[in-house]
Every structure is written in structure tokens, then in C-alpha cells.
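Single-structure report; data block below.
Protein chains: 2
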Amino acid sequence: MEYSYEAPVLTVDAVIFQLIDHQLNVLLIKRSREPFKGDLALPGGYNPKGETTLSALERILLSKTGLNKNKLKLIEQLYTFDTIARDPRGHAVSVVYMGLCRNVKITPSITKEQPRFMPLSKLPNLAFDHQAIIDYALERLASKVSYTNAIFGLLPKEVTLTQLQRAYEAVLGHKLDKRNFRKRILALDLLKPTTKYSTDGAHRPALIYLFRKQSLETSNKLID
Amino acid sequence: MEYSYEAPVLTVDAVIFQLIDHQLNVLLIKRSREPFKGDLALPGGYNPKGETTLSALERILLSKTGLNKNKLKLIEQLYTFDTIARDPRGHAVSVVYMGLCRNVKITPSITKEQPRFMPLSKLPNLAFDHQAIIDYALERLASKVSYTNAIFGLLPKEVTLTQLQRAYEAVLGHKLDKRNFRKRILALDLLKPTTKYSTDGAHRPALIYLFRKQSLETSNKLID
DNA sequence: ACAAAAGTGTTAAGAATACACCCATGT
DNA sequence: ACATGGGTGTATTCTTAACACTTTTGT
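These protein sequence lines are chains A and B, in that order.
For the first sequence, numbering that gives the first Met the number 0 gives the first residue as 0, with consecutive numbering after it.
For the second sequence, numbering that gives the first Met the number 0 gives the first residue as 0, with consecutive numbering after it.
Here it is as C-alpha cells:
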């Protein structure tokens, strides 16, 4: 087999989520070439021999969108798609990662791909099957935040309970009851109260909490 | 980039589970070449251009172990490993699948790889990081059976409640309470009672139930 | 008769849900 | 003073967990 073996093309793609204005956004670029020239797509590219998929992903993200890997608070492999007609010339296998970040500003003019975050609720038609990939990633994220502390990836180290609740609501796609949410979150021991208060408007200041962990931990209880 | 692009080697590997004698077993082969010559390993091989990973997997399974794809009651992608030194000559990326089957007899003499099912509890040292892959697959399976009907993949269409309980126990790795188990399983509406009884020994015959679905369905309740 | 697995309910504890008002601040 | 989001408790329902004896069969 090896003598006649020729490998398919290997690519990597990234679904990078960020909360902007309490809405879940995803990082997209404009395709500069056929196929789907001019359409929006997930950032991605070729994975050459000798480079791991994660390292290729980080390199490509930086070059196409200016997003540095140290801005990603969480990155994990999502799924490998092998039926994508990414390149009309032949078979391509794409390893897709999902990443979370916060407070990242992307300047579209940085590259010809004009990277930008766009709200999930207002996406135009995307290239390839990238809409389906984003849907899948969102499903995975929603499931992930309900049995891990993954939500920290979308938030600063210090949060108010309302900020946290907004983040869960954006990911899960539905409203949560304030009192029940607080009871459960505090019971999970995810957060440590500080003595500081956030004063961000014409209302009572909110107590600030600290995430106990900034790395992925699995819990046995659920948020849904 | 494309002009100088050379793809890594792409491989596929399979973690195939089956219950034998109420124990979870995994399909292994003996490596006939270096590296790890003589050690047991997951069945796998090269994925050439033009073939999807699933189709390559099915082809390789058949050729190396004699297991036909129509014996797999469930097969799904598990994870893509890209740091495996599968081939000492260079970078290899391996897409790993997990599959479930039942009542499959493998004849080791069928190929020089001497395929066989072995109980998870008694595995020798395996080639590469295949032990870690199996651990990961088992974890995924345990999680899967607790929120889907995936357990059907390990059992015949018709089962008794005790058989079903044994299967859950083998996958989850711990005992379940008989009365609570029955209440919950029947509440899930996974099964349909028949009017037949199984008489397989010196004891009261057990009512036989039928799986309502032989395809993966997600439930909202949990077995744990 | 006995061994072996099948079958069957109740109670208690814990978890989830529904729900409405006062508090502290900025303007 | 009013608008805005922050903060708090209870009662009810539902879910889970713990637990032991009788039934039916083959030998």
C-alpha cells in the first residue's frame, strides 16, 4: 500500500467564539479566491507535513486574522470533516477546532481577508458547509458549558453574577431564572466572592466574583 | 503555500467494542512490522487520497480483521490524533473511530495480523498510545450511553431487562440497582415489551423486550 | 427441596422550579 | 423622583436513592 500511497490534502479550520454586547459572535474572513470567492468563511488553511494541526491552526489564525494564540482562553478539537469540497481540485480532510476568547478586537484592514466577528444571529450565507460547522460547534459549546466551567473562556477573570448569567443565556439560547441561577452557580463553587463592587451605571453596584479556575474542569451538576 | 505544500500521512484507526460474557472487549491485531512489531494494536491503516476516512476504515477493518462493516451497529468518529509516532519516518495524523457490534466471531487465523477481541480489563501493553485511545473511547461510550440509546449497538434487538442492565454495568463500570434501573429504563420508553419469554436456565423466565429504535437517538434523561 | 435469576413498591431525601419585592446607585 | 439593574427566600413538585421479599423455573 505504501508504495502507491498518496495522502489527501489536510486542512484546519477554526470556529472562534466571542461575546460582543451579550451576543455570541464568530470570527469570519472573506474568501479572496475561488471557490466561494467573496463569501464569508471560517478562517482556515493547509496543514503541511511536520506541523501539528493545532500549531497550523494558530499560525493560520495569526496570519489571516491577526488573532494571537495567547488570546484564546480555550481551544479544543471539534470534529474532522472529510467530505468538504474545500478545494474543487480534490479530496480534502479538515480538522476543525473550536476556540473561546474575550475582549479581542479584530481590525478587518489587517489582511486582505478582512477578518471580523459577526453575531451568530445575523450570519449571511457562508462558504462551503461552514454554517453547519458553526451550528455543530454551538451545540457542542452549549453542552460543554452545562457540565464544565468552560464559560470562563468567554469572560474576564472577574465577573458579576449578572454578566455570568448573560453569558450562559447567550450560549444556551434561552433565559434563566435569576434566583435559581445564583443559587446553583454558587453551589457549584465555580466562583469566589471578592470584596469589590462594579459600578457601571445608574443602579446598585454588583459584587464582583473571581473564577476559581482558568482551565477546563468537569463538574457533576448541570446548568440548563 | 500550495506550490510547496506537502500533506502529512493520513491514517485511520478503529476502537471496536463488543460484549463477550458480560465484559466489554476491544478488537486488536498483532503488529506484523516495526515499530512495535509483535505488540497488540488497534486495527488501522493508511487513508489514501480519494477515499473518505470512514470508507478507508471499513476497508481496512475487513482486510485486517475480517469484520464486515454491516456488522457494525454503530460507528462514529471519536477524535483525530496528530502526535502519534505511528510511522517513525514522519508525521502522521490519525482519525479514530469508535464502533459497536455484537455476536461477532473473529478468527485470528484469517490474516497474519491475528485479530481477536480482548477484554478491556486484561489488556497487555499496547503499541503506540493505543491504550490511551481506548481509555478515551470508553469514556466517550460511557457518556454516550447515559444520554442516548447507544447501548443498542452492543445488544441484540430483543433483550431481557437483566441483559440490558448487565450491558450498562459493563460500560459504566459499576453496579446498578435493579428496581431503580427497571423503572428508569421503562420510563425512557426505549423498549417495547413483547409477549415472549426467555428461558435460559434454572430460574424464572424473563420477559423479552424489543428496542424501539436501532439508530442513535438522544434522550433528555440520564442513566448513571 | 433448593438454587438461580425474575419480578415488584414504598419511603425519605434532595433537587429543581416557580415566583415578587426591596436595595443602591446615577441622572 | 425615577429608572436601572442588584440582590434575596420559600413553598411545591419532581427526581433520585435506598432497600427485601415473592415468583417461576430446572435439576
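Glycine included, each C-beta is placed from N, C-alpha and C at the ideal position.
Keep in mind that this is a model prediction, so the values were computed, not measured.
The beta carbon of residue 45 (chain A) is closer than 6 Å to those of 10 in its chain, skipping five residues each way along the sequence.
The Cβ atoms of residue 60 (chain A) and residue 47 (chain A) lie no closer than 8 Å to each other. Among the CB atoms of chain A, none fall inside 8 Å of the CB of residue 202 (chain B).
Just measuring C-alpha positions, the residue of A:85, A:77, A:155, A:173 sitting nearest residue 133 (chain A) is A:77. Proximity of chain B to residue 153 (chain A) at the Cβ level (cut-off 7 Å) is not reached, the minimal Cβ distance being about 23 Å. Judged by DSSP secondary structure, residue 175 (chain B) falls outside any alpha helix (DSSP H); it is assigned neither H nor E.
At a cut-off of 8 Å between C-beta atoms, residue 84 (chain A) does not count as an interface residue with respect to chain B. Distance check between residue 81 (chain B) and each of B:185, B:190, B:8 places B:8 closest, using alpha-carbon atoms only.
Under the rule that a run must span 4 or more residues, no alpha helix (DSSP H) segment is found entirely inside the segment 62 to 110 of chain B. Taking residue 173 (chain B) as the centre and dropping the five residues before and after it, the same chain places no C-beta closer than 7 Å to its C-beta. Of the residues B:214, B:186, B:92, B:153, the one whose Cα lies closest to the Cα of residue 6 (chain B) is B:92.
Boundaries of the beta strand (DSSP E) around residue 18 (chain A): 8 to 19. In the displayed model, residue 146 (chain B) falls within a helix according to three-state DSSP. Under the Cβ criterion of 8 Å, residue 12 (chain A) is not counted among the residues facing chain B. In the assembly as shown, residue 213 (chain A) is an exposed residue. Its beta-carbon has fewer than 16 other beta-carbons within 10 Å. Assignment of residue 222 (chain B) by DSSP, reduced to helix, strand and coil, places it in the coil class. The beta-carbon distance between residue 192 (chain B) and residue 206 (chain B), rounded to whole angstroms, is 6 Å. This is short enough to meet the 8 Å contact definition. Taking a C-beta distance under 8 Å as the contact criterion, residue 144 (chain A) and residue 12 (chain A) do not qualify as a contact pair. Judged by their CB atoms, residue 125 (chain B) and residue 38 (chain B) are nearer to each other than the 8 Å cut-off.
Here residue 113 (chain A) has 29, 107 as same chain residues with Cβ atoms under 6 Å from its own Cβ, once five neighbours each way along the sequence are excluded. Counting only runs of 3+ residues, the beta strand (DSSP E) found wholly inside the segment 158 to 219 of chain B occupies 190 to 197, 205 to 210, in chain order. Non-local beta-carbon contacts of residue 103 (chain B) in its own chain, meaning distances under 7 Å to residues more than five positions away in sequence, involve 17, 66, 70 in chain order. Contact with chain B is absent for residue 173 (chain A), since none of that chain's Cβ atoms lies less than 8 Å from the residue's Cβ. Not a single C-beta of chain B is nearer than 8 Å to the C-beta of residue 148 (chain A). DSSP places residue 152 (chain A) outside any beta strand (DSSP E), giving it a letter other than H or E.
Leaving aside the five residues that flank residue 21 (chain B) on each side, the residues in its chain whose CB is nearer than 7 Å to its CB run, in chain order, 165, 169.
Of all residues in the segment 106 to 132 of chain B, none places a beta-carbon less than 9 Å from a beta-carbon of chain A.
Along the segment 48 to 65 of chain B, going in chain order, the ones with a CB nearer than 9 Å to a CB of chain A are 48, 49, 50, 51, 52, 53. Listed along chain A, the residues sitting closer than 9 Å to residue 94 (chain B) by beta-carbon distance are 79, 81, 92, 94. Note: residue 49 (chain B) is not bridge-paired with any residue in the DSSP secondary-structure output.
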